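Novice:
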Amino acid sequence: MAEYKVSQSVRVLEEQNPYWKGERDTWAAIRDLFECNTEAAVSEFSDYVVSFNLRSSEIDTKLQHLREHARNLLEMKAREAADPGRVLMRMKDRYITSL
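Take any residue in the sequence shown, count from 1 to its spot, add 109: that is its number in my numbering.
(1) Could you tell me the distance, in whole angstroms, from the CA atom of Ala-190 to the CA atom of Thr-135?
(2) Can Asn-146 be considered in contact with the ligand HEM, in the sense that its beta carbon sits closer than 7 angstroms to one or more heavy atoms?
(3) Taking C-beta to C-beta, are Leu-172 and Ser-155 nearer than 8 angstroms?
(4) Can you say whether Ala-150 is buried or exposed, counting buried as having 16 or more other CB atoms within 10 angstroms of its CB?
(5) What separation, rounded to the nearest whole angstrom, lies between the Cα atoms of His-178 and Thr-147?
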């Protein structure tokens, strides 16, 4: 459930700014949204884990894995968006729409 929420957060980032316009505050907005959604997923996960009576060290490990998974997803999507073929397509689209 928490991993789904993290994946959903990455999709929200893409939908909010599909062309990554390169504005100065783009990365700050991405970071803020990422942190907010990651912490929401961690909080939700923590609520569910309490009922399993796990040791706190195990819970901390799982939470760290969830945070790392979220970061890896975001990095993967950023690399995918920075693909030279996609960048060229976006440049062409922006040029055409600016005319």
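We put the beta carbon where it would ideally sit given N, CA and C, even for glycine. Computed from a prediction, not measured in an experiment: that's the story for all the values here.
Specialist: So, from the listed chains and residues:
(1) Here residue 190 corresponds to residue number 81 of the sequence shown, with the count starting at 1. Here residue 135 corresponds to residue number 26 of the sequence shown, with the count starting at 1. Looking at the two C-alpha atoms, the distance is approximately 14 angstroms.
(2) This structure does not include the ligand HEM; it has no bound ligands of any sort.
(3) Locating residue 172 in the sequence shown gives position 63, where the first residue counts as 1. Locating residue 155 in the sequence shown gives position 46, where the first residue counts as 1. By the CB criterion at 8 angstroms, Leu-172 and Ser-155 fall inside the cutoff.
(4) Numbered from 1 along the sequence shown, position 41 holds the residue referred to as residue 150. That one is buried.
(5) Within the sequence shown, the letter at position 69 stands for residue 178. Within the sequence shown, the letter at position 38 stands for residue 147. Their Cα atoms are separated by approximately 10 angstroms.
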